[in-house]
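Undergrad: One structure is given below, represented as structure tokens, and several questions about it will come after.
Number of protein chains: 2
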Amino acid sequence: MSGDSWGPDPQAPGQRRQRASTIAEVARHASVSPATVSRVMNGRFVGDPEVADRVRKAATDLNYAPSPVARSLALGQTHTVAFVVPDIGNPTFQAMLSNLSKSAAADGYRVLVADSSEDPAEEALLAVGTRRGCDGLVLCAPRMSDEQLSLLLPALRPVLLINRSSPRFDAPSISVDYDMGIQHLAEHLYALGHRHFVYLEGPEPSSSNRSRLDGLAAFAGRVTDLVIDRIPAGSASADGYERAAAVRQSGATAALAYNDLVAVGLMSALAEQGVSVPQDISVAGFDDIPLVRYVTPRLTTVSVPYGPLGAQAWKGLHALIKGEMPSHNVVFQPRLQPRDSTAPARDRHAICGP
Amino acid sequence: MSGDSWGPDPQAPGQRRQRASTIAEVARHASVSPATVSRVMNGRFVGDPEVADRVRKAATDLNYAPSPVARSLALGQTHTVAFVVPDIGNPTFQAMLSNLSKSAAADGYRVLVADSSEDPAEEALLAVGTRRGCDGLVLCAPRMSDEQLSLLLPALRPVLLINRSSPRFDAPSISVDYDMGIQHLAEHLYALGHRHFVYLEGPEPSSSNRSRLDGLAAFAGRVTDLVIDRIPAGSASADGYERAAAVRQSGATAALAYNDLVAVGLMSALAEQGVSVPQDISVAGFDDIPLVRYVTPRLTTVSVPYGPLGAQAWKGLHALIKGEMPSHNVVFQPRLQPRDSTAPARDRHAICGP
DNA sequence: CCATAGCGTGAAAGCGGTTTCTCGGCGAGC
DNA sequence: GCTCGCCGAGAAACCGCTTTCACGCTATGG
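If you read the sequences in order, they're chains A and B. Reminder that position 164 of the first sequence reads as 1635 in this note's numbering, one-by-one numbering, no gaps. Reminder that position 110 of the second sequence reads as 1581 in this note's numbering, one-by-one numbering, no gaps.
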């Protein structure tokens, strides 16, 4: 039997990590004080360049890198922010996260993700729990009540809100004007001659669903000959898929889905049932996620710039962290993206012209 | 002029955060030592229950919560892990991230995301940079050379590799058997009578693209009458969209795309050009992302369990962190998901039967 | 030639916890 | 009744780095 191996190698198969060297070791190695090492490492060193070189050499020799945790404690900042969302699985958050993370990285910050699993109670706990241990929060909490959010904010600062802009809130926000967005869409369908819409609602308590309803109501108020049905649905493709029968029964000539996922699900079921889009019925989505310009028929939707929104979120939060004035609220305007899933309404009553 | 307000309110509009109370304050408040407070907060306290109560009361009175950073320094662990990926924008990583994050949260860990922007050089830097300041890494670095990865590994431990299983690597890995996956798909198409495939390649240097090529080669070796063309493409829908002409020119009766995104892009262009799927040509994807069961025609693909993979990644990394034996490598087997975008080949040479 | 300003560097005090070690006080055993 | 041991709680060291403050040294001005 060779060597001292017995059962699990005491130096557990490659999983033992050599302890990182400390600033004190570097200092000793370079015959200077830890203070000097610190200064050199942070570029605050003024003085004999020979000393600086010695320190740098010692540092590379010992493979030294300052402990971020220790720095955080001493500096009082972690260079980390958290992104709190109801569901990371949602493509819209992913687009935001992607850009948020890249923008933050460009400024030397890292981002922590926290998923509240769509649970309003969890949202609050998670937010305050996550807040400790990072320098700021990008908070997307669509389910939380205004009341509770107001109470929570002071403990969360610096914090930037997503889609919760209200004068009541003492924090900057970035939001999407869903209300106007869906009005553009309604306008588009109305102009195509549609007079009977059906709206597939999103998650009941979500603020972005309410905005869409508000927009629809506003539009309905501006015209006299429009009826809008509502079908409770959800935010996933399956929700749209399962509502196909209800949509057909509604007799509407145009279906507006809460989002693209739901729209695609609906179109899928309609296709299976031999209903053709847009000839028999027009379908529209919301968000303009990357894939929907490639589905057949190409989906008419409302484009929401989630990527830029994520980048802007970082800009705002970064400013806040640097102690600058809270940035002004910004509202992103969605843009109508007409494609092939919407078409002029067939007039059900005037089959053969005047 | 009332008060001392001048210009910007010194207590900047709600952005000033009251300093959190420290353990020392709680100790003073409860007339005990910091040590005792620490013990009470961590449940290690044995002794007069009246003292414990006093401490707890003081803690809630002062709204005390221990500083995670200070704890991290003292304890030597951060309860944070990082997920390093080439592109968070990719739906497959998002599915993993979502489950990874939830699993980790269940064990009291948080996850940090780091996006290397598909840059191999960046991958290395980012990995070691991110590694400091957290307790472990889930690393997905498909572009990095075996050589470099080997060298990097010791500095990264504990680390769990995604899709980089090799005996050379001294770290556990979780991977997807893309090789077998695409063989199942090839088998399926071959059984449908297809004898001429075209494969839309993914990113050149990526290991998962190589695995698919290997699988294709292996399958081609098992039959004699199969020809497989290759078209360099990429991993985005646009890549598939733009290769439609090339696909048609190839004369192949079945197209295998690197992933679902590419497949959907391809189908979109084909539809626009009046080529019908699957009648004129069969198209297959890879990954089975949520949306593709809803596109028309429903996409035949290979289902990869990215969600469970993320959860498993946490299990493995957690074990490593707890100092347990490196878990065995695990390989997830993709499953063929036949849908409507593939159909029997039209025999180009035998128009009217035997 | 001496007082003084200025410069380079080190000693030490935090940052906010955890943990070991120590010590005083009390009950039990002889 | 005195010692031994145990138990409850505090003092202090420590985690690794930053930063203020102080100190000794050299150049300058009167």
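Using N, Cα and C, we set each Cβ at its ideal position, and we do this for glycine too. Computed from a predicted model, the values in this text were never measured in an experiment.
Please go through the same chain and pick out, in chain order, the residues whose beta-carbon is closer than 6 Å to the beta-carbon of residue 1562 of chain A, but skip the five residues on each side of it.
TA: Within the first sequence, the letter at position 91 stands for residue 1562 of chain A. Hits under 6 Å: 1760.
Undergrad: Confirm, please, whether the CB-CB distance from residue 1774 of chain A to residue 1663 of chain A is below 8 Å.
TA: The residue given as residue 1663 of chain A occupies position 192 in the first sequence. The residue given as residue 1774 of chain A occupies position 303 in the first sequence. Against a cut-off of 8 Å, the Cβ pair of residue 1774 of chain A and residue 1663 of chain A comes out as no contact.
Undergrad: Under 8 Å between C-beta atoms, does residue 1483 of chain A make it to chain B?
TA: By 1-based counting over the first sequence, the position of residue 1483 of chain A is 12. Below a pLDDT of 50, predicted positions are generally treated as unreliable, and residue 1483 of chain A, at 44, falls in that range; no measurement from the model is reported.
Undergrad: Give the interface partners of residue 1701 of chain B over in chain A, defined as CB-CB distance under 9 Å, in chain order.
TA: Mapped onto the second sequence, residue 1701 of chain B falls at position 230. Near residue 1701 of chain B there are no residues of chain A at all, since even the closest Cβ is about 22 Å away, more than 9 Å.
Undergrad: Establish whether the CB of residue 1717 of chain B and some CB of chain A are separated by less than 8 Å.
TA: Taking the second sequence and counting its residues from 1, one reaches residue 1717 of chain B at position 246. Output row for residue 1717 of chain B: interface = no.
Undergrad: Helix or strand or just coil, what does DSSP make of residue 1729 of chain B?
TA: By one-based count along the second sequence, residue 1729 of chain B stands at place 258. If DSSP states are grouped into helix, strand and coil, residue 1729 of chain B belongs with coil.
Undergrad: Looking at residue 1813 of chain B: is its Cβ nearer than 8 Å to the Cβ of residue 1725 of chain B?
TA: Position 342 of the second sequence holds residue 1813 of chain B. Position 254 of the second sequence holds residue 1725 of chain B. Cβ distance < 8 Å, so residue 1813 of chain B and residue 1725 of chain B count as in contact.
Undergrad: Out of curiosity, what's the CA-to-CA distance linking residue 1816 of chain A and residue 1723 of chain A?
TA: Working through the first sequence from its first residue, we reach residue 1816 of chain A at position 345. Working through the first sequence from its first residue, we reach residue 1723 of chain A at position 252. When rounded, the distance between both Cα atoms is 10 Å.
Undergrad: Who are the Cβ neighbours of residue 1737 of chain B in its own chain at under 8 Å, not counting the five residues just before and after it?
TA: Counting from one through the second sequence, the residue named residue 1737 of chain B turns up at place 266. Correct list, in chain order: 1671, 1711, 1712, 1714, 1715, 1718, 1726, 1728, 1754.
Undergrad: Tell me the DSSP secondary structure of residue 1703 of chain B in three-state form.
TA: The count along the second sequence starts at 1 and reaches residue 1703 of chain B at position 232. In the structure shown, residue 1703 of chain B sits in a strand (DSSP, three-state: E or B).
Undergrad: Going along chain A, which residues have a C-beta under 9 Å from residue 1766 of chain B?
TA: The sequence position of residue 1766 of chain B within the second sequence is 295, counting from 1. The answer, in chain order, is 1735, 1738, 1739, 1762, 1765, 1766, 1767.
Undergrad: Tell me whether residue 1594 of chain A is buried or exposed, calling it buried when 16 or more other Cβ atoms sit within 10 Å of its Cβ.
TA: As a position in the first sequence, residue 1594 of chain A is number 123, starting the count at 1. It is buried - the Cβ of residue 1594 of chain A has at least 16 other Cβ atoms within 10 Å.
Undergrad: Which one of A:1792, A:1507, A:1533, A:1619 has the shortest CA to CA distance from residue 1521 of chain A?
TA: The residue given as residue 1521 of chain A occupies position 50 in the first sequence. Looking at the Cα atoms, A:1507 is the closest of the given residues.
Undergrad: I need the straight-line Cα distance from residue 1615 of chain B to residue 1592 of chain B, nearest angstrom please.
TA: Within the second sequence, residue 1615 of chain B is the residue found at index 144, counting from 1. Within the second sequence, residue 1592 of chain B is the residue found at index 121, counting from 1. Distance between the alpha carbons of residue 1615 of chain B and residue 1592 of chain B is about 8 Å.
Undergrad: Do we get a CB-CB distance below 8 Å when we pair residue 1820 of chain B with the residues of chain A?
TA: Reading the second sequence from its first residue, position 349 is the one you call residue 1820 of chain B. Because the pLDDT at residue 1820 of chain B is just 45, under 50, the model does not fix this residue reliably, and the value given afterwards should be weighed accordingly. Cβ-Cβ to chain A under 8 Å: no for residue 1820 of chain B.
Undergrad: Round the Cβ separation of residue 1631 of chain A and residue 1784 of chain A to the nearest angstrom and send it over; I've been treating them as touching at under 8 Å.
TA: Counted from its first residue, the first sequence places residue 1631 of chain A at position 160. Counted from its first residue, the first sequence places residue 1784 of chain A at position 313. Indeed they touch by this definition, with Cβ atoms about 6 Å apart.
Undergrad: Output needed for residue 1584 of chain A: all residues of its chain with C-beta closer than 7 Å, excluding positions within five of it in sequence on either side, in chain order.
TA: Counting from one through the first sequence, the residue named residue 1584 of chain A turns up at place 113. The answer, listed in chain order, is 1554, 1559, 1568.
Undergrad: State the DSSP-derived secondary structure class of residue 1697 of chain A, mapped to helix, strand or coil.
TA: Counting from 1 along the first sequence, the entry for residue 1697 of chain A is found at position 226. DSSP places residue 1697 of chain A in coil when its eight states are reduced to three.
Undergrad: Ordered along the chain, which non-local residues of its own chain (more than five positions away) have a Cβ less than 8 Å from that of residue 1480 of chain B?
TA: As a position in the second sequence, residue 1480 of chain B is number 9, starting the count at 1. Because the pLDDT of residue 1480 of chain B is 38, which lies under 50, any placement of that residue in the model is unreliable, and the question is left without a value.
Undergrad: At which residue ranges does the stretch 1650-1679 of chain A contain complete alpha helix (DSSP H) runs of 4 or more residues, listed in the order of the chain?
TA: Within the stretch 1650-1679 of chain A, no complete alpha helix (DSSP H) run reaches 4 residues.
Undergrad: Below 8 Å, how does it come out for the stretch 1763-1771 of chain B and the stretch 1803-1812 of chain B: are there three or more Cβ pairs, yes or no?
TA: Result yes; three or more Cβ-Cβ pairs closer than 8 Å.
Undergrad: List, in order along the chain, the chain B residues whose C-beta lies closer than 7 Å to that of residue 1539 of chain A?
TA: Counting from 1 along the first sequence, the entry for residue 1539 of chain A is found at position 68. Neighbours of residue 1539 of chain A on chain B, chain order: 1603, 1604.
Undergrad: List the residues of chain B whose Cβ lies closer than 8 Å to the Cβ of residue 1565 of chain A, in chain order.
TA: For the purposes of this step, residue 1565 of chain A is taken as the residue at position 94 of the first sequence. Correct list: 1559, 1560, 1562, 1565.
Undergrad: Below 6 Å CB to CB, which residues in the same chain sit around residue 1529 of chain B once its five sequence neighbours on both sides are set aside?
TA: Locating residue 1529 of chain B in the second sequence gives position 58, where the first residue counts as 1. So the list reads 1497, 1500, 1501, once near-sequence residues are dropped.
Undergrad: Output needed for residue 1612 of chain A: all residues of its chain with C-beta closer than 6 Å, excluding positions within five of it in sequence on either side, in chain order.
TA: Position 141 of the first sequence, counted from the first residue, corresponds to residue 1612 of chain A. For residue 1612 of chain A, where only same-chain residues beyond five positions count, the Cβ hits under 6 Å are 1594.
Undergrad: Distance cutoff 8 Å, beta carbons only. Does residue 1806 of chain B sit that close to anything in chain A?
TA: For this step, residue 1806 of chain B is matched to residue 335 along the second sequence. Not one chain A Cβ lies under 8 Å of residue 1806 of chain B.
Undergrad: By DSSP, does residue 1506 of chain B sit in helix, in strand, or in coil?
TA: In the second sequence, the residue the question calls residue 1506 of chain B occupies position 35. Here residue 1506 of chain B sits in helix by DSSP.
Undergrad: Would you list the one or two residues that DSSP bridges to residue 1808 of chain B?
TA: Position 337 of the second sequence, counted from the first residue, corresponds to residue 1808 of chain B. Its beta-bridge partners are B:1772.
Undergrad: Would you check if the distance between the CB atom of residue 1687 of chain B and the CB atom of residue 1699 of chain B is smaller than 8 Å?
TA: Taking the second sequence and counting its residues from 1, the one referred to as residue 1687 of chain B is at position 216. Taking the second sequence and counting its residues from 1, the one referred to as residue 1699 of chain B is at position 228. The answer is yes: Cβ separation under 8 Å.
Undergrad: Counting contacts by CB-CB distance shorter than 8 Å, is residue 1586 of chain A in contact with chain B?
TA: Taking the first residue of the first sequence as 1, we reach residue 1586 of chain A at position 115. So, interface residue.
Undergrad: Quick one: list the residues of chain A neighbouring residue 1712 of chain B, beta-carbon separation under 8 Å, in chain order.
TA: Position 241 of the second sequence, counted from the first residue, corresponds to residue 1712 of chain B. The answer, in chain order, is 1765.
Undergrad: Quick check on the burial criterion: 16 or more other C-beta atoms within 10 angstroms. Buried or exposed for residue 1673 of chain B?
TA: Within the second sequence, residue 1673 of chain B is the residue found at index 202, counting from 1. Residue 1673 of chain B is buried by the Cβ-count criterion.
Undergrad: Which chain B residues are close to residue 1536 of chain A, counting only those with a beta carbon under 8 Å from its beta carbon?
TA: Position 65 of the first sequence, counting from 1, holds the residue named residue 1536 of chain A. In chain order: 1603.
Undergrad: Starting from the N-terminal side, write out each stretch of the beta strand (DSSP E) that is 3 residues or longer and does not extend beyond the stretch 1535-1593 of chain A.
TA: Counting whole runs of 3 or more residues, the stretch 1535-1593 of chain A contains the beta strand (DSSP E) stretches 1551-1556, 1581-1586.
Undergrad: One question on the structure: do residue 1649 of chain B and residue 1621 of chain B come within less than 8 Å of each other, judged by their Cβ atoms?
TA: Within the second sequence, numbered from 1, the residue matching residue 1649 of chain B stands at position 178. Within the second sequence, numbered from 1, the residue matching residue 1621 of chain B stands at position 150. Not a contact, by the Cβ cut-off of 8 Å.
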